[in-house]
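Chains as they are written, first to last, in the numbering used here: chain Z, 1 to 154; chain G, 155 to 308.
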C-alpha cells in the first residue's frame, strides 16, 4: 500500500482560522488533529489535539496535574473553553521546525508513514504532492485498519 | 463535567493478549490506543497505537524515516504485519513508570483529564474507581466533542 491509497479527507485550517472553529472541527469529526496550511495552501504543520489542550492549561497544572484540583467542575470547563479571540497561529508552539513536518509524498510506503508517525509522535501524517497540494492525511487508525483487517488473513 | 460522565467503553486487553488481536482491535474500532490490565484487572498501562508501530519498525528507520525506502511496497507491508507470536507485554516499553499512568478517578474534572493527556502525550485516559476497576476511558476526541459542541453555545 502507498500513502495515496491510504489518504483520507482531513480538515484543513489556516493560520488565521479562529481557534474555536478549529477545536470544534476536531471534536465534531473526531479527528486526532488538523492540517494547518499557510497563505499559499502549503502545509505549515499538523496541529495535534493535545497541542490545543496545552495552550489552554496553566503551565503549573501541566507540570503537576494534581493541581488541577484548584479549579472546581465549572471553573475547569470554563478555563478549557476560553479560545475566543485566538487563532490557530496562537495555538502553535513557538519554535516550528519546518524541516520536520509529519508529511509524506503520495508514493510513501506504509513503513515510511509509520516511521514518520512514531518519530514525530503524530497520529496524523499529511500526504502532499510535488506541487505542495495536500491530498489528504493518513491517520494511525486508518493504517491499523488496513494493516490488520479484522477477518483473519491466514 | 466529570470523568465519569465523559468515560466511554474502551477496549481492554491483558499483558498476555496476542499482539495481532490488540492491533486488530485498534484498527477495527478506530481507537487511538488500548487499556492494558494485568492479572488482577487493574490497569497496567495505556498502549498508544504509536507504541505498537514503534515495536515493528527497525530502529534505524525510526531515527531516519527516509531509510524506509530500502523496503519496497510489499516488503514494507510485510514488515509491519509481523506481530505473530508476540503478546501485548512484548510491545510495551522496557521501563514502565507505574507512578505515571494516564489514569484519573471518576470525579476528575475536564481540566484534570486534559492535564494528564498533555503531560503524558496520551490521547486516552483511563477512568478507574477506588477499587481499581476500569469504568472506561476518555479520549481526546470525546473531550473536544463535549467542550466545543458544533452548535454555538453563546
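Beta carbons are placed, not taken as given, at the ideal position from N, Cα and C, and that holds for glycine.
Using only the alpha-carbon positions, how far apart do residue 131 of chain Z and residue 220 of chain G sit? If you draw a straight line from the Cα of residue 131 of chain Z to the Cα of residue 220 of chain G, it is about 20 Å long.
May I ask you to list, following chain order, the residues of the segment 116-150 of chain Z that have a beta carbon less than 7 Å from some beta carbon of chain G? The residues in question are 116, 117, 118, 119, 121, 123, 140, 141, 144, 145, 147, 148 and 150.
For residue 202 of chain G, count the other beta carbons within 10 Å of its own beta carbon; 16 or more makes it buried, fewer makes it exposed. Which is it? Buried, since its Cβ has 16 or more Cβ neighbours within 10 Å.
Look up residue 299 of chain G in the DSSP assignment and say whether it is helix, strand or coil. Helix, per DSSP.
State the beta-bridge partners of residue 48 of chain Z as determined by DSSP. According to DSSP, residue 48 of chain Z bridges with Z/33.
Are at least three pairs of beta-carbons, each pair with one atom in the segment 102-110 of chain Z and one in the segment 280-300 of chain G, less than 8 Å apart? These segments do not touch.
Check residue 135 of chain Z in the structure and name its three-state DSSP category. In the structure shown, the three-state DSSP call for residue 135 of chain Z is strand.
Is residue 197 of chain G helix, strand or coil by DSSP? The answer is strand: DSSP assigns residue 197 of chain G an E or B state.
Under 7 Å Cβ to Cβ from residue 270 of chain G, same chain only, skipping five residues before and after it: list those, please. Exclusion of the five residues before and after residue 270 of chain G leaves 256, 258 and 279 as the residues of its chain whose Cβ lies within less than 7 Å of its Cβ.
Can residue 225 of chain Z and residue 123 of chain Z be called in contact, C-beta distance under 7 Å? Since the displayed chain Z opens at 1 and closes at 154, residue 225 of chain Z lies outside it and no answer follows.
Closer than 8 Å by C-beta to residue 214 of chain G: which residues in its own chain qualify, once you throw out the five before and the five after it? Chain order, please. Cβ neighbours of residue 214 of chain G within its own chain (closer than 8 Å, five residues either side excluded): 221.
So with Cβ pairs under 7 Å, would you call residue 175 of chain G a contact of chain Z? Interface criterion not met: the Cβ of residue 175 of chain G is under 7 Å from no Cβ in chain Z.
Should residue 157 of chain G and residue 282 of chain G be called a contact, given that it needs their Cβ atoms to be closer than 7 Å? For residue 157 of chain G and residue 282 of chain G, no; Cβs fall outside 7 Å.
Once you ignore the five residues that flank residue 169 of chain G on each side, which residues in its own chain have a CB closer than 7 Å to its CB? Contacts found: 190, 192, 198, 241, 242 and 243.
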